[in-house]
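Here's the structure, in structure tokens; my notes come after.
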Amino acid sequence: MRILPKNINIDFLGRRRLAWVVSAVVIAVGIVSLFVRGLNFGIDFTGGTLVEIGYDQSVQVSEVRKTLREAGVEDARVQYFGTSRDIMVRLPVRDDDTGAKLSVAVVEALRRDQRETLGESSQGRVQQCTKAGDPNPVNCSVQMRRVEFVGPQVGRELTEKGGLAMIYALVGILLYVAWRFEWRFAIASVVALVHDVIVTIGMYSLLYMEFSLPVLAAILAVIGYSLNDTIVVFDRIRENFRKMRRGSVVEIMNRSINQTLPRTLLTSLTTLLVLAALLVLGGEVMRGFATALIIGVIVGTYSSIFVASPTVLIMGVSREDMLPVKKEGADEKQIVS
Numbered sequence: 202m203r204i205l206p207k208n209i210n211i212d213f214l215g216r217r218r219l220a221w222v223v224s225a226v227v228i229a230v231g232i233v234s235l236f237v238r239g240l241n242f243g244i245d246f247t248g249g250t251l252v253e254i255g256y257d258q259s260v261q262v263s264e265v266r267k268t269l270r271e272a273g274v275e276d277a278r279v280q281y282f283g284t285s286r287d288i289m290v291r292l293p294v295r296d297d298d299t300g301a302k303l304s305v306a307v308v309e310a311l312r313r314d315q316r317e318t319l320g321e322s323s324q325g326r327v328q329q330c331t332k333a334g335d336p337n338p339v340n341c342s343v344q345m346r347r348v349e350f351v352g353p354q355v356g357r358e359l360t361e362k363g364g365l366a367m368i369y370a371l372v373g374i375l376l377y378v379a380w381r382f383e384w385r386f387a388i389a390s391v392v393a394l395v396h397d398v399i400v401t402i403g404m405y406s407l408l409y410m411e412f413s414l415p416v417l418a419a420i421l422a423v424i425g426y427s428l429n430d431t432i433v434v435f436d437r438i439r440e441n442f443r444k445m446r447r448g449s450v451v452e453i454m455n456r457s458i459n460q461t462l463p464r465t466l467l468t469s470l471t472t473l474l475v476l477a478a479l480l481v482l483g484g485e486v487m488r489g490f491a492t493a494l495i496i497g498v499i500v501g502t503y504s505s506i507f508v509a510s511p512t513v514l515i516m517g518v519s520r521e522d523m524l525p526v527k528k529e530g531a532d533e534k535q536i537v538s
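Going by the numbering used here, the residue at position 152 of the sequence shown is 353; the numbering climbs one at a time, nothing skipped.
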């Protein structure tokens with residue numbers, strides 16, 4: 202089944218100036234947001250203590266904040282974690298307390314508040330909790346499900362190594378594409394990848410979603426996905442430069458993009474279907490990872506068409522640049538034979 206007509210002919214490069222304006226605006230907005238709002242770094246990068254707490258009924262975040270503030274936990278960040286019955290409490294690094302002490306203090310404060318709310322008339326809950334293996338209704342109504350602690354030194358190391366991993370990936374891609382194609386194509390591919398990374402990170406800053414290690418892993422995966430799309434287009438451009446005898450550089454590159462467009466769209470759509478399933482069914486743990494990949498796949502598909510190829514065109518690639526290099530002595534051998 203075809204998703205596009207067989208002989209599609211869209212003038213992508215003719216719209217390259219409009220695409221540059223769109224990309225420039227999106228990148229500018231993302232960079233401004235990064236300087237003004239910054240990224241909502243997760244505990245993996247900032248260090249601190251994370252406590253996931255489950256209630257047996259809906260609870261207001263404002264009430265949880267008030268309870269913790271009255272218990273002396275002033276700098277806690279409280280938010281929902283999936284449903285209105287799941288709460289995530291994040292605490293910054295402290296010199297005087299360990300993560301275990303902080304988590305116990307948070308849970309005890311919330312259970313104390315629940316004890317006052319429940320009172321002594323909770324026979325129904327006592328029976329339910331007895332069946333669950335815990336006769337205490339307070340422990341049953343407020344459950345500590347997960348505790349994570351990351352020290353400040355570990356957070357700094359993860360931040361540094363995550364940035365270095367991204368730089369090493371871009372340098373490796375630059376060298377690979379320059380060896381396989383030509384230096385103009387290498388620079389264009391890196392420009393497209395930097396475009397994808399900046400737009401994805403800028404979107405996370407605008408939405409102020411938590412930026413954690415799974416999100417960083419997703420961005421590195423986006424680099425690989427976008428490069429794959431770009432390499433497919435570049436392969437077809439090189440092939441058509443050598444095969445098509447007529448046509449300008451713009452016409453040949455447009456033809457190449459149109460020939461690979463069905464494959465590009467089909468790959469992107471099937472990938473987005475899987476990521477949508479992860480986003481909906483994967484729970485809160487997978488939400489950041491799936492969101493980053495969805496943004497990256499959309500932006501990567503766009504950049505392989507409207508960023509990578511126009512950048513090659515700007516740098517003045519010609520048909521002669523893509524012709525195979527003749528070996529020395531080849532002409533003499535043909536004359537002798």
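Just so you know, even glycine gets a beta-carbon here, dropped at the ideal spot from N, CA and C.
All figures in this text were calculated on a predicted structure; none of them were measured in a lab.
In terms of alpha-carbon separation, which member of the options lies closest to residue i?
i, options, result
"I388", "I399, V398, L376", "L376"
"V400", "D212, V222, I232", "I232"
"H396", "F435, A509, V252", "A509"
"D212", "L365, Q460, L479, L476", "Q460"
"V307", "F282, W221, T250", "T250"
"N210", "V279, P463, I496, T502", "P463"
"R174", "S427, V260, I402", "As shown, the chain starts at 202 and ends at 538. That puts residue 174 outside it, with no answer to give."
"V343", "L476, V265, G283, G484", "V265"
"A272", "V518, G255, E452, L303", "L303"
"Q280", "V274, V260, V294", "V260"
"Y409", "I453, A393, N241", "N241"
"T284", "G255, A220, E275, V294", "G255"
"V392", "L214, S224, R216, G215", "S224"
"S406", "V230, L467, I424", "V230"
"F350", "W384, F246, M404", "F246"
"D276", "I288, L292, S413, R443", "L292"
"L421", "F507, R437, A370, S413", "A370"
"A366", "A220, N455, A419, I228", "A419"
The alpha helix (DSSP H) spanning residue i covers which residue range?
i, result
"Q261", "Note, Q261: premise wrong, no alpha helix (DSSP H); not H, not E."
"V252", "Not the alpha helix (DSSP H): V252 falls in the beta strand (DSSP E), residues 249-256."
"N459", "450-482"
"A229", "217-237"
With DSSP collapsed to three states, give me the class of residue i.
i, result
"F242", "strand"
"M410", "coil"
"R488", "helix"
"E309", "helix"
"F350", "strand"
"M516", "coil"
"V395", "helix"
"R278", "strand"
"V508", "coil"
"K332", "Confidence in K332 is poor, its pLDDT being 45 and thus under 50, which makes the residue's placement unreliable; the coordinate value appears in the next sentence. Three-state DSSP puts K332 in a helix."
On the DSSP letters alone, give me the boundaries of the beta strand (DSSP E) that residue i sits inside.
i, result
"D430", "First-last for D430: 414-444, but that is the alpha helix (DSSP H), not the beta strand (DSSP E)."
"R291", "284-292"
Report yes if the C-beta distance between residue i and residue j is below 7 Å; otherwise report no.
i, j, result
"S390", "T431", "yes"
"A540", "L479", "Here the chain covers residues 202 to 538 and nothing more, so residue 540 does not appear."
"G248", "E411", "no"
"F386", "V262", "no"
"E485", "R346", "no"
"G501", "Y426", "yes"
"V416", "G483", "no"
"I496", "L428", "no"
"A310", "T268", "yes"
"L219", "N455", "no"
"R216", "P511", "no"
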